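In the working numbering, the protein residues as written are 494 to 751.
Yeah, the Cβ is synthetic: ideal placement off N, Cα and C, and Gly gets one too.
All values derive from a computational prediction rather than experimental measurement.
Following: one structure in C-alpha coordinates, then a few remarks.
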(Lines of atoms letter the chains of each structure in order from A and count residues from 1; the text may use other names and numbers.)
(Lines give C-alpha, C1' and ligand atoms only; values in the text may rest on other atoms or scores of the structure.)
Protein backbone atom coordinates (compact mmCIF):
# COMPACT_ATOMS: atom_id res chain seq x y z
CA UNK A 1 0.00 0.00 0.00
CA UNK A 2 1.47 3.42 -0.98
CA UNK A 3 2.77 5.45 1.89
CA UNK A 4 0.74 8.59 2.56
CA UNK A 5 2.86 11.67 1.88
CA UNK A 6 3.68 13.92 4.78
CA UNK A 7 1.37 16.95 4.79
CA UNK A 8 2.54 20.34 6.02
CA UNK A 9 0.50 21.60 9.03
CA UNK A 10 -0.70 24.73 7.20
CA UNK A 11 -2.02 22.57 4.35
CA UNK A 12 -3.57 19.93 6.60
CA UNK A 13 -5.59 22.60 8.44
CA UNK A 14 -6.68 24.50 5.32
CA UNK A 15 -10.30 24.54 4.18
CA UNK A 16 -11.44 23.14 0.83
CA UNK A 17 -11.43 26.50 -0.97
CA UNK A 18 -7.84 27.19 0.07
CA UNK A 19 -6.75 23.72 -0.98
CA UNK A 20 -8.37 24.06 -4.40
CA UNK A 21 -6.61 27.37 -4.95
CA UNK A 22 -3.36 25.80 -3.75
CA UNK A 23 -3.47 23.10 -6.42
CA UNK A 24 -4.43 25.61 -9.13
CA UNK A 25 -8.14 24.77 -9.43
CA UNK A 26 -9.25 28.37 -9.12
CA UNK A 27 -12.63 28.08 -10.84
CA UNK A 28 -13.51 25.04 -8.73
CA UNK A 29 -12.48 26.98 -5.64
CA UNK A 30 -14.76 29.90 -6.46
CA UNK A 31 -17.75 27.78 -7.47
CA UNK A 32 -17.59 24.89 -5.01
CA UNK A 33 -19.98 26.45 -2.47
CA UNK A 34 -22.68 26.82 -5.12
CA UNK A 35 -22.09 23.30 -6.42
CA UNK A 36 -22.11 21.79 -2.93
CA UNK A 37 -25.49 23.43 -2.31
CA UNK A 38 -26.84 22.08 -5.60
CA UNK A 39 -25.43 18.65 -4.82
CA UNK A 40 -27.09 18.58 -1.41
CA UNK A 41 -30.42 19.77 -2.79
CA UNK A 42 -30.34 17.29 -5.69
CA UNK A 43 -28.82 14.47 -3.70
CA UNK A 44 -26.04 14.12 -6.25
CA UNK A 45 -23.68 11.14 -6.05
CA UNK A 46 -20.05 12.02 -5.38
CA UNK A 47 -19.06 11.26 -8.96
CA UNK A 48 -21.48 13.82 -10.38
CA UNK A 49 -20.20 16.50 -8.03
CA UNK A 50 -16.61 15.80 -9.05
CA UNK A 51 -17.61 15.82 -12.72
CA UNK A 52 -19.31 19.21 -12.36
CA UNK A 53 -16.29 20.68 -10.57
CA UNK A 54 -13.93 19.26 -13.20
CA UNK A 55 -16.18 20.48 -16.03
CA UNK A 56 -16.21 24.06 -14.75
CA UNK A 57 -12.46 23.99 -14.26
CA UNK A 58 -11.90 22.63 -17.76
CA UNK A 59 -14.15 25.31 -19.28
CA UNK A 60 -12.29 28.03 -17.40
CA UNK A 61 -8.94 26.61 -18.50
CA UNK A 62 -10.05 26.58 -22.13
CA UNK A 63 -11.25 30.19 -21.87
CA UNK A 64 -7.88 31.25 -20.42
CA UNK A 65 -6.14 29.43 -23.25
CA UNK A 66 -8.26 31.25 -25.85
CA UNK A 67 -7.58 34.61 -24.22
CA UNK A 68 -3.85 33.89 -24.24
CA UNK A 69 -3.95 32.90 -27.91
CA UNK A 70 -5.86 36.08 -28.79
CA UNK A 71 -3.40 38.22 -26.84
CA UNK A 72 -0.43 36.54 -28.52
CA UNK A 73 -2.01 37.06 -31.95
CA UNK A 74 -1.82 40.87 -31.54
CA UNK A 75 -5.13 41.63 -33.25
CA UNK A 76 -5.64 45.42 -33.30
CA UNK A 77 -9.35 44.73 -32.71
CA UNK A 78 -11.01 41.37 -32.22
CA UNK A 79 -13.42 40.64 -35.08
CA UNK A 80 -15.81 37.72 -35.51
CA UNK A 81 -17.50 36.30 -38.57
CA UNK A 82 -20.91 36.78 -36.93
CA UNK A 83 -20.40 40.55 -36.87
CA UNK A 84 -19.59 40.83 -40.58
CA UNK A 85 -22.31 42.35 -42.77
CA UNK A 86 -22.43 40.10 -45.83
CA UNK A 87 -25.26 42.19 -47.28
CA UNK A 88 -23.04 45.23 -47.83
CA UNK A 89 -20.55 44.14 -50.56
CA UNK A 90 -21.90 43.98 -54.09
CA UNK A 91 -20.09 40.72 -54.65
CA UNK A 92 -18.54 38.37 -52.10
CA UNK A 93 -18.05 34.56 -52.02
CA UNK A 94 -19.94 34.08 -48.76
CA UNK A 95 -20.07 30.28 -48.82
CA UNK A 96 -16.34 30.01 -49.51
CA UNK A 97 -15.59 32.31 -46.59
CA UNK A 98 -17.89 30.48 -44.20
CA UNK A 99 -16.42 27.14 -45.25
CA UNK A 100 -12.94 28.43 -44.48
CA UNK A 101 -13.92 28.61 -40.80
CA UNK A 102 -13.73 24.83 -40.64
CA UNK A 103 -9.96 25.54 -40.72
CA UNK A 104 -9.32 22.51 -42.93
CA UNK A 105 -6.89 24.61 -44.96
CA UNK A 106 -4.48 24.75 -42.01
CA UNK A 107 -3.64 21.06 -42.27
CA UNK A 108 -2.84 21.50 -45.96
CA UNK A 109 -0.70 24.60 -45.28
CA UNK A 110 -2.93 26.61 -47.57
CA UNK A 111 -4.30 30.12 -47.17
CA UNK A 112 -6.30 32.96 -48.66
CA UNK A 113 -5.70 36.35 -50.24
CA UNK A 114 -8.51 38.82 -49.56
CA UNK A 115 -8.54 41.32 -52.42
CA UNK A 116 -10.75 44.38 -52.77
CA UNK A 117 -10.98 48.14 -52.49
CA UNK A 118 -10.41 49.83 -49.12
CA UNK A 119 -13.31 49.50 -46.70
CA UNK A 120 -14.82 46.36 -48.18
CA UNK A 121 -14.12 44.17 -45.15
CA UNK A 122 -10.88 42.39 -46.03
CA UNK A 123 -9.20 42.97 -42.67
CA UNK A 124 -12.37 42.06 -40.78
CA UNK A 125 -12.66 38.72 -42.59
CA UNK A 126 -8.99 37.87 -42.17
CA UNK A 127 -9.10 38.77 -38.47
CA UNK A 128 -12.28 36.76 -37.98
CA UNK A 129 -10.58 33.68 -39.43
CA UNK A 130 -7.68 34.32 -37.09
CA UNK A 131 -10.02 34.57 -34.12
CA UNK A 132 -11.67 31.28 -35.07
CA UNK A 133 -8.20 29.73 -35.18
CA UNK A 134 -7.42 31.06 -31.70
CA UNK A 135 -10.69 29.59 -30.44
CA UNK A 136 -9.52 26.19 -31.73
CA UNK A 137 -6.13 26.49 -30.02
CA UNK A 138 -4.17 27.43 -33.15
CA UNK A 139 -1.12 29.61 -32.71
CA UNK A 140 -1.86 32.75 -34.74
CA UNK A 141 -0.09 36.03 -35.48
CA UNK A 142 -1.57 39.19 -37.01
CA UNK A 143 0.60 41.99 -38.41
CA UNK A 144 0.25 44.97 -40.67
CA UNK A 145 2.56 44.38 -43.61
CA UNK A 146 4.53 47.59 -43.05
CA UNK A 147 4.83 46.93 -39.30
CA UNK A 148 6.21 43.45 -39.96
CA UNK A 149 8.81 44.81 -42.36
CA UNK A 150 9.81 47.65 -40.01
CA UNK A 151 10.16 45.14 -37.18
CA UNK A 152 12.40 42.89 -39.27
CA UNK A 153 14.50 45.77 -40.54
CA UNK A 154 15.13 46.99 -37.00
CA UNK A 155 16.01 43.46 -35.97
CA UNK A 156 18.48 43.19 -38.85
CA UNK A 157 20.22 46.38 -37.70
CA UNK A 158 20.50 44.95 -34.17
CA UNK A 159 21.76 41.58 -35.43
CA UNK A 160 18.74 39.70 -34.12
CA UNK A 161 17.03 39.01 -37.44
CA UNK A 162 17.02 35.23 -37.02
CA UNK A 163 15.13 35.50 -33.75
CA UNK A 164 12.73 38.14 -35.08
CA UNK A 165 12.02 36.07 -38.18
CA UNK A 166 10.81 33.24 -35.95
CA UNK A 167 7.93 35.46 -34.79
CA UNK A 168 6.49 35.30 -38.31
CA UNK A 169 7.79 31.88 -39.32
CA UNK A 170 6.56 29.74 -36.43
CA UNK A 171 2.81 30.46 -36.05
CA UNK A 172 0.58 27.92 -37.71
CA UNK A 173 -1.44 30.85 -39.10
CA UNK A 174 0.07 34.19 -40.10
CA UNK A 175 -2.14 37.11 -41.16
CA UNK A 176 -0.44 39.93 -43.09
CA UNK A 177 -2.72 42.92 -43.50
CA UNK A 178 -2.71 45.80 -46.01
CA UNK A 179 -0.16 44.72 -48.59
CA UNK A 180 0.19 47.59 -51.02
CA UNK A 181 -0.93 50.34 -48.67
CA UNK A 182 2.70 51.47 -48.55
CA UNK A 183 5.47 50.25 -50.88
CA UNK A 184 8.54 48.45 -49.53
CA UNK A 185 12.13 49.38 -50.28
CA UNK A 186 14.51 46.75 -51.61
CA UNK A 187 15.48 45.49 -48.15
CA UNK A 188 11.85 45.34 -47.06
CA UNK A 189 10.89 43.47 -50.23
CA UNK A 190 13.64 40.93 -49.66
CA UNK A 191 12.54 40.42 -46.05
CA UNK A 192 8.92 39.94 -47.10
CA UNK A 193 10.03 37.29 -49.58
CA UNK A 194 12.02 35.56 -46.83
CA UNK A 195 8.90 35.33 -44.65
CA UNK A 196 6.76 33.91 -47.45
CA UNK A 197 9.50 31.54 -48.55
CA UNK A 198 10.09 30.28 -45.00
CA UNK A 199 6.38 29.57 -44.56
CA UNK A 200 5.85 28.01 -48.01
CA UNK A 201 4.31 24.56 -47.50
CA UNK A 202 5.09 24.79 -43.78
CA UNK A 203 2.33 27.08 -42.51
CA UNK A 204 -0.81 28.90 -43.60
CA UNK A 205 -0.77 32.58 -44.51
CA UNK A 206 -3.69 34.98 -44.98
CA UNK A 207 -3.10 38.27 -46.76
CA UNK A 208 -5.20 41.32 -47.51
CA UNK A 209 -4.51 43.71 -50.36
CA UNK A 210 -6.20 46.36 -52.44
CA UNK A 211 -3.70 45.89 -55.27
CA UNK A 212 -4.06 43.31 -58.07
CA UNK A 213 -1.05 41.08 -58.69
CA UNK A 214 -0.17 43.05 -61.82
CA UNK A 215 0.65 46.06 -59.58
CA UNK A 216 2.79 44.19 -57.05
CA UNK A 217 5.95 45.16 -58.92
CA UNK A 218 5.43 48.66 -57.54
CA UNK A 219 4.73 47.34 -54.04
CA UNK A 220 7.89 45.22 -53.95
CA UNK A 221 10.23 47.66 -55.73
CA UNK A 222 10.82 45.33 -58.67
CA UNK A 223 9.02 42.64 -60.64
CA UNK A 224 11.54 39.93 -59.77
CA UNK A 225 10.71 39.89 -56.07
CA UNK A 226 7.01 40.41 -56.77
CA UNK A 227 6.96 37.44 -59.14
CA UNK A 228 8.75 35.22 -56.61
CA UNK A 229 6.26 36.15 -53.88
CA UNK A 230 3.23 35.73 -56.15
CA UNK A 231 4.49 32.37 -57.42
CA UNK A 232 4.58 30.92 -53.89
CA UNK A 233 1.31 32.48 -52.79
CA UNK A 234 -0.63 31.49 -55.90
CA UNK A 235 0.34 27.84 -55.48
CA UNK A 236 -1.47 27.29 -52.16
CA UNK A 237 -3.58 30.41 -51.54
CA UNK A 238 -7.11 30.96 -52.81
CA UNK A 239 -8.07 34.44 -53.98
CA UNK A 240 -11.19 35.87 -52.36
CA UNK A 241 -12.33 38.94 -54.27
CA UNK A 242 -14.70 41.40 -52.62
CA UNK A 243 -16.41 44.03 -54.73
CA UNK A 244 -18.25 46.98 -53.27
CA UNK A 245 -18.12 50.46 -51.81
CA UNK A 246 -16.36 51.36 -48.60
CA UNK A 247 -18.44 50.45 -45.57
CA UNK A 248 -16.49 52.96 -43.47
CA UNK A 249 -17.29 55.80 -45.89
CA UNK A 250 -20.94 54.77 -45.91
CA UNK A 251 -21.02 54.65 -42.10
CA UNK A 252 -19.44 58.12 -41.84
CA UNK A 253 -22.05 59.60 -44.20
CA UNK A 254 -24.87 57.93 -42.31
CA UNK A 255 -23.53 59.26 -38.99
CA UNK A 256 -23.40 62.83 -40.31
CA UNK A 257 -27.01 62.70 -41.42
CA UNK A 258 -28.23 61.71 -37.94
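A distance below 9 Å separates the beta carbons of residue 680 and residue 649. By the 16-neighbour rule on beta-carbons within 10 angstroms, residue 512 is exposed.
In the structure shown, residue 609 falls within a strand segment according to DSSP collapsed to helix, strand and coil. When DSSP reads this structure, residue 734 sits in a beta bridge with 608. Judged by their CB atoms, residue 696 and residue 667 are nearer to each other than the 9 Å cut-off.
Close CB contacts of residue 729 within its chain, under the 6 Å cut and outside five residues either way in sequence, are with 603 (chain order).
Put simply, the backbone Cα of residue 639 is about 8 Å away from that of residue 677. Contact annotation: residue 645 and residue 688 have beta-carbon atoms nearer than 9 Å. The DSSP assignment places 587-593 and 597-600 as complete runs of the alpha helix (DSSP H) inside the stretch 561-612, in order along the chain (cut-off: 4 residues). If you check the CB distance, residue 736 and residue 610 come in under 9 Å. Residue nearest to residue 527 within the set 546, 694 and 601 is 546 (criterion: CA-CA distance). When the five nearest sequence neighbours on each side are left out, the beta carbons in the same chain lying within less than 7 Å of the beta carbon of residue 590 are those of 618 and 733, in order along the chain. By the beta-carbon neighbour count (other beta carbons within 10 angstroms, threshold 16), residue 616 is buried. Residue 651 counts as exposed, since fewer than 16 other beta carbons sit within 10 angstroms of its beta carbon.
Counted as a single uninterrupted DSSP element, the alpha helix (DSSP H) harbouring residue 616 occupies residues 615-628. The three-state secondary structure of residue 636, taken from DSSP, is strand.
The beta carbon of residue 576 sits closer than 7 Å to no other beta carbon from its chain once the five residues preceding and following it are set aside. Counted as a single uninterrupted DSSP element, the alpha helix (DSSP H) harbouring residue 526 occupies residues 519-535.
Under the three-pair Cβ rule at 8 Å, the stretch 535-545 does not count as touching the stretch 578-588. Here residue 627 is not near residue 725, since their CB atoms are 9 Å or more apart. When 716, 707, 718 and 507 are compared, the shortest CA-CA separation from residue 608 is found for 707. By the criterion of a C-beta distance shorter than 8 Å, residue 606 is surrounded in its chain by 699, 700, 701, 702, 726, 730, 731, 732 and 733, once the five residues flanking it on both sides are discounted. Between the alpha carbons of residue 578 and residue 514 lies a gap of roughly 44 Å. Residue 624 is a Cβ neighbour of residue 566, given a cutoff of 9 Å. Separation of the CB atoms of residue 721 and residue 686 is rounded to 6 Å, and the pair is thereby assigned contact status at 8 Å.
Judged by their CB atoms, residue 682 and residue 718 are nearer to each other than the 9 Å cut-off.
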